[in-house]
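First up is the structure itself, then whatever we jot down about it.
There are 2 protein chains.
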Amino acid sequence: MADDAGADDRGPGPSGYGRHEPAGPMTAGQDQPAPGAGPKVTAVGGGHGLSSTLRALRRYTARVTAVVSVADDGGSSGRLRRSTGLPAPGDLRRCLVALADPTSLWARAFEHRFVGGELDGHALGNLVIAGLAGVTGDFRSALIESARLLGVQGRVLPATAGGVVLKGDVDGVDVVGQARLSKSLRPIGAVSIVPADAPADPDAAAAVADADQVVLGPGSLFTSVLAACVVPGIRDALSSRTEGTVYVTNLRPQLPETAGMDAADLLRCVLDHRVVVHDVLVDSAAAPAEREALATLATGTGPRVHFAALGRPDRSAHDPLALGEALASLVPRRPGP
Amino acid sequence: MADDAGADDRGPGPSGYGRHEPAGPMTAGQDQPAPGAGPKVTAVGGGHGLSSTLRALRRYTARVTAVVSVADDGGSSGRLRRSTGLPAPGDLRRCLVALADPTSLWARAFEHRFVGGELDGHALGNLVIAGLAGVTGDFRSALIESARLLGVQGRVLPATAGGVVLKGDVDGVDVVGQARLSKSLRPIGAVSIVPADAPADPDAAAAVADADQVVLGPGSLFTSVLAACVVPGIRDALSSRTEGTVYVTNLRPQLPETAGMDAADLLRCVLDHRVVVHDVLVDSAAAPAEREALATLATGTGPRVHFAALGRPDRSAHDPLALGEALASLVPRRPGP
Chain A
1 MADDAGADDR GPGPSGYGRH EPAGPMTAGQ DQPAPGAGPK VTAVGGGHGL
51 SSTLRALRRY TARVTAVVSV ADDGGSSGRL RRSTGLPAPG DLRRCLVALA
101 DPTSLWARAF EHRFVGGELD GHALGNLVIA GLAGVTGDFR SALIESARLL
151 GVQGRVLPAT AGGVVLKGDV DGVDVVGQAR LSKSLRPIGA VSIVPADAPA
201 DPDAAAAVAD ADQVVLGPGS LFTSVLAACV VPGIRDALSS RTEGTVYVTN
251 LRPQLPETAG MDAADLLRCV LDHRVVVHDV LVDSAAAPAE REALATLATG
301 TGPRVHFAAL GRPDRSAHDP LALGEALASL VPRRPGP
Chain B
338 MADDAGADDR GPGPSGYGRH EPAGPMTAGQ DQPAPGAGPK VTAVGGGHGL
388 SSTLRALRRY TARVTAVVSV ADDGGSSGRL RRSTGLPAPG DLRRCLVALA
438 DPTSLWARAF EHRFVGGELD GHALGNLVIA GLAGVTGDFR SALIESARLL
488 GVQGRVLPAT AGGVVLKGDV DGVDVVGQAR LSKSLRPIGA VSIVPADAPA
538 DPDAAAAVAD ADQVVLGPGS LFTSVLAACV VPGIRDALSS RTEGTVYVTN
588 LRPQLPETAG MDAADLLRCV LDHRVVVHDV LVDSAAAPAE REALATLATG
638 TGPRVHFAAL GRPDRSAHDP LALGEALASL VPRRPGP
């Protein structure tokens with residue numbers, strides 16, 4: 001049942017949900033919960049969207065896990081994948097930085113991009129992750145050491161233990177490669193990963209299954225959100241949940257990846273990929289027809305739809321404060337004593 | 338006066354010198370002085386030789402400063418110089434690692450070299466130093482942050498604040514570039530830096546002037562030792578010293594850079610470059626003619642010559658333990674109370 005679909009913008013409603021209890025003492029001057037405080041929240045996806053979500057989550061919990069697609073094969077990540085054979089580090093790096101000690105010089109250094117010469121375009125953090133993986137012989141250890149360096153509060157895990165490739169159906173033709181898919185001028189149909197049976201990272205799957213709340217999106221629908229969610233072990237973990245999985249829709253179509261798709265189209269696509277969600281968070285600027293389509297998707301066993309003012313004033317992206325407040329209000333209440 | 342030139346191999350002798358007092362409590366299990374213990378020792382040079390010296394110095398003092406040539410224009414350093422315009426990081430990186438906490442994963446990571454692709458041959462530490470310099474806008478800050486990351490005990494300073502180029506006279510022709518000089522099949526004459534008036538790093542010059550002991554060599558004569566010593570501000574600081582500057586000669590000629598040169602030839606070349614040294618430490622395997630030539634150089638105001646068994650059993654390099662012991666015995670005794 002959609003509590004709020006089509007209703008006014010009074011924010012997320014009742015039915016076992018409500019404003020989450022304060023997450024505990026705030027760290028002075030940073031308006032963030034103290035280490036270990038707050039609900040267990042796992043965010044799944046990739047790209048800039050996921051790192052924005054992490055910044056929003058930090059406002060109400062210190063127990064954040066990011067489960068990150070490593071299917072990226074473009075840019076600095078793609079070049080490193082080709083030369084090292086490791087999973088794509090770029091989206092993991094962004095998440096590490098999003099959860100880093102904000103005063104850390106290394107957080108800035110990880111985002112530093114070289115200009116000119118053979119290193120042109122490489123983010124230093126990608127090189128550090130790749131180098132640490134080379135030294136330790138283990139990609140996971142490289143992430144753990146990087147997290148320590150950056151003073152990360154939370155965990156950053158790859159969705160799959162090894163590298164995978166994203167495959168999408170475009171007009172009945174298989175298009176292979178995340179970078180190519182993200183540039184497709186024709187509508188993308190179903191996406192999947194190659195190899196199809198790539199195992200999920202066990203800790204990542206557990207973090208999805210066990211969290212108080214799981215947040216999908218916002219971000220590139222096919223090449224970030226679904227790239228992580230269609231990993232079989234992640235999808236199964238999502239299916240095992242009975243509440244508290246929220247899909248945050250994008251503020252506007254992303255060109256060309258989701259050209260012409262409104263929030264209802266995004267949600268329909270997520271559900272078509274057999275990704276189970278219990279709540280959908282939509283910006284209150286949604287048009288009447290969009291709200292109507294969402295209400296239709298929300299009938300029966302469909303997810304509850306919630307509206308809130310989520311965009312920055314210029315609507316360029318979600319406002320971390322507003323998104324954090326809306327998501328905090330959707331954390332399932334734990335059973336009372 | 339040469340105390341020991343031509344004498345037997347009983348090790349360095351008297352004349353205001355002697356076994357240095359124990360450097361204070363040792364760190365358990367590592368056989369190294371505790372932080373802050375030991376004489377102030379500054380090592381000047383570059384390349385593998387300087388990092389070996391630093392490992393030897395660590396055995397008797399925790400107050401080590403490395404003053405490092407940044408004239409390198411070959412390999413990973415050279416490629417980074419060309420793409421970033423920064424001073425060469427490679428020799429600085431080696432010194433940071435030599436003075437690092439030996440249990441640090443980052444020390445290993447700094448030495449990790451990428452294999453294949455566009456990063457082939459780059460040491461991760463070089464990329465980190467270059468990236469940090471890009472972020473902070475300051476090469477010195479990059480070295481300080483790297484030292485902190487590695488748990489470095491001591492200081493690593495560039496000989497010059499900015500990048501310089503090494504120039505050498507080969508058969509009356511100027512050959513420009515350290516990498517080219519190191520491959521010269523013809524004898525190298527005088528070397529100098531370009532620009533000739535490049536200022537020394539002020540802290541580096543002070544570390545040379547103020548140290549209890551300064552160690553030059555072993556290592557590539559022209560492209561490491563002299564590349565740092567002929568920086569005018571460093572040479573002036575060396576000239577200001579009245580005792581405690583030791584030149585450690587190489588175990589054997591380095592091909593092709595010092596082909597045909599024995600320890601006496603190396604010392605003569607150092608003195609010809611107006612680099613003031615008070616003691617010369619020579620391996621006890623020196624031949625009679627070599628000892629005789631050294632004794633000649635040591636007459637009058639020439640440096641004292643000391644012999645000790647310094648080489649590893651396979652004579653591939655200096656043995657850090659033996660070199661450390663010999664150098665410790667040459668630290669000037671401080672005036673008694």
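For the protein sequence lines, the chains are A and B, in the order given. Just so you know, the working numbering puts 12 at position 12 of the first sequence, and the rest follows in order with no gaps. Just so you know, the working numbering puts 411 at position 74 of the second sequence, and the rest follows in order with no gaps. No residue lacks a Cβ here, since even glycine has one placed at the ideal position from N, Cα and C.
Do the segment 175 to 190 of chain A and the segment 248 to 264 of chain A meet, that is, are 3 or more Cβ pairs less than 8 angstroms apart?
Yes, they touch.
Give the single residue among B:V434, B:F559 and B:V585 whose Cα lies nearest to the Cα of A646 of chain B.
The residue from B:V434, B:F559 and B:V585 with its alpha-carbon nearest to that of A646 of chain B is B:V585.
Anything in the segment 142 to 168 of chain A with a Cβ closer than 8 angstroms to a Cβ of chain B? List those residues in chain order, please.
Those residues of the segment 142 to 168 of chain A that come within reach of chain B (Cβ to Cβ, closer than 8 angstroms) are E145 and L149.
Are three or more beta carbon pairs between the segment 307 to 324 of chain A and the segment 55 to 70 of chain A nearer than 8 angstroms?
With a cut-off of 8 angstroms, the segment 55 to 70 of chain A and the segment 307 to 324 of chain A count as touching, because enough Cβ pairs lie within range.
What residues in its chain sit with their C-beta under 6 angstroms from that of V501 of chain B, if we drop five residues either side in the sequence?
A408, I530 and A535, listed in sequence order.
Any C-beta of chain B under 8 angstroms from that of G134 of chain A
Closer than 8 angstroms to the CB of G134 of chain A there is at least one CB belonging to chain B.
Taking the Cβ atom as the reference point for each residue, do E399 of chain B and P370 of chain B lie within a distance shorter than 8 angstroms?
A small correction: the amino acid at residue 399 of chain B is Ala; Glu does not occupy that position in the sequence shown. Contact flag set, yes.
Assess contact between the segment 478 to 489 of chain B and the segment 370 to 385 of chain B, defined as three or more Cβ pairs (one per stretch) separated by less than 8 angstroms. Is contact present?
Using a Cβ-Cβ distance cut-off of 8 angstroms, the segment 478 to 489 of chain B and the segment 370 to 385 of chain B are not in contact, since fewer than three pairs of beta carbons, one from each stretch, lie closer than that value.
Thinking C-beta only, is V617 of chain B closer than 8 angstroms to V642 of chain B?
Note that the C-beta distance between V642 of chain B and V617 of chain B is below 8 angstroms.
Per-residue burial, T636 of chain B [other beta carbons within 10 Å of its own, 16 or more giving buried]
Taking every protein chain shown into account, the CB of T636 of chain B has fewer than 16 other CB atoms within 10 angstroms, so this residue is exposed.
Please decide whether L442 of chain B counts as near chain A, where near means a Cβ-Cβ distance under 8 angstroms.
At least one chain A Cβ lies under 8 angstroms of L442 of chain B.
Contact the segment 460 to 469 of chain B vs the segment 119 to 133 of chain A: 3+ CB pairs below 8 angstroms
Enough Cβ pairs lie closer than 8 angstroms, so yes.
Just verifying my parser: in three-state terms, what is the DSSP assignment at T473 of chain B?
Assignment of T473 of chain B by DSSP, reduced to helix, strand and coil, places it in the helix class.
Could I get the ranges of all uninterrupted alpha helix (DSSP H) runs contained in the segment 161 to 186 of chain A, with 4 residues as the minimum, in chain order?
If we require 4 residues or more, the alpha helix (DSSP H) runs fully inside the segment 161 to 186 of chain A come out as 178 to 182.
Tell me the rounded alpha-carbon separation between R94 of chain A and V156 of chain A.
C-alpha separation (whole angstroms): 10 angstroms.
So if I threshold CB-CB distances at 7 angstroms, which residues from the segment 80 to 96 of chain A count as touching chain B?
Within the segment 80 to 96 of chain A, contact with chain B at the beta-carbon level (separation under 7 angstroms) is assigned to R82 and S83.
Assess, as a yes-or-no matter, whether the segment 451 to 461 of chain B is touched by the segment 469 to 485 of chain B under the definition of 3 or more beta carbon pairs within less than 8 angstroms.
Contact fails: fewer than three Cβ-Cβ distances are below 8 angstroms.
Is the segment 568 to 578 of chain B touching the segment 620 to 634 of chain B, taking contact as three or more C-beta pairs under 8 angstroms?
No, the segment 568 to 578 of chain B does not touch the segment 620 to 634 of chain B.
Would you report the Cα separation of D540 of chain B and T579 of chain B, rounded to the nearest angstrom?
If I take the Cα positions, the gap works out to 19 angstroms.
Given Q153 of chain A, which residues of its chain have a CB within under 7 angstroms of its CB, disregarding the five upstream and five downstream residues?
Within the same chain, Q153 of chain A has close Cβ partners P35, A62 and L99.
Is the beta carbon of V97 of chain A less than 8 angstroms from the beta carbon of F110 of chain A?
Taking 8 angstroms as the Cβ cut-off, V97 of chain A and F110 of chain A qualify as a contacting pair.
Under three-state DSSP, which class holds V405 of chain B?
Here V405 of chain B sits in strand by DSSP.
Taking the beta carbon of E21 of chain A as the centre, do at least 16 other beta carbons fall within 10 Å, making it buried, or is it exposed?
Residue placement at E21 of chain A cannot be trusted, given a pLDDT of 39 that sits under 50; the coordinates are not used to answer.
If you compare alpha carbons, which of B:P650, B:A444, B:V512 and B:F559 is closest to R605 of chain B?
For R605 of chain B, the nearest C-alpha among the options comes from B:F559.
In angstroms with no decimal places, state the Cα-to-Cα distance between D174 of chain A and R82 of chain A.
One Cα belongs to D174 of chain A, the other to R82 of chain A, and the distance between them is close to 21 angstroms.
Please report the distance separating the alpha-carbon of L518 of chain B from that of H385 of chain B.
For the pair L518 of chain B and H385 of chain B, the Cα-to-Cα distance works out to about 17 angstroms.
Taking only beta-carbon atoms, is L327 of chain A less than 8 angstroms away from chain B?
So, not an interface residue.
Can a CB atom of chain B be found closer than 8 angstroms to the CB of H112 of chain A?
Yes, because at least one Cβ of chain B sits closer than 8 angstroms to the Cβ of H112 of chain A.
What does the alpha-carbon distance come out to for the pair P634 of chain B and P669 of chain B?
Looking at the sequence shown, residue 634 of chain B is not Pro but Leu. Approximately 22 angstroms between the Cα atoms of the pair.
Beta-carbon gap between A574 of chain B and V552 of chain B smaller than 8 angstroms
Cβ atoms of A574 of chain B and V552 of chain B: not closer than 8 angstroms.
Is the beta carbon of A622 of chain B sitting closer than 8 angstroms to the one on G648 of chain B?
It is a contact, given that the beta carbons lie within the stated cut-off.
Please identify, using Cβ separations under 9 angstroms, the residues of the segment 550 to 574 of chain B that lie next to chain A, in order along the chain.
Taken residue by residue, none of the segment 550 to 574 of chain B has a beta-carbon sitting less than 9 angstroms from a beta-carbon on chain A.
In its own chain, which residues sit with a C-beta less than 8 angstroms from the C-beta of V320 of chain B, not counting the 5 before and 5 after it?
Lying before the first or after the last residue shown, residue 320 of chain B is absent from chain B, which here runs from 338 to 674.
Residues that G75 of chain A contacts on chain B, provided the C-beta gap is smaller than 8 angstroms:
Going along chain B, no residue has its Cβ under 8 angstroms from G75 of chain A, so there is no contact; the nearest lies around 13 angstroms.
Taking the alpha helix (DSSP H) that P202 of chain A belongs to, which residues open and close that run?
In the DSSP annotation of this structure, the continuous segment of the alpha helix (DSSP H) that includes P202 of chain A starts and ends at P202 to D210.
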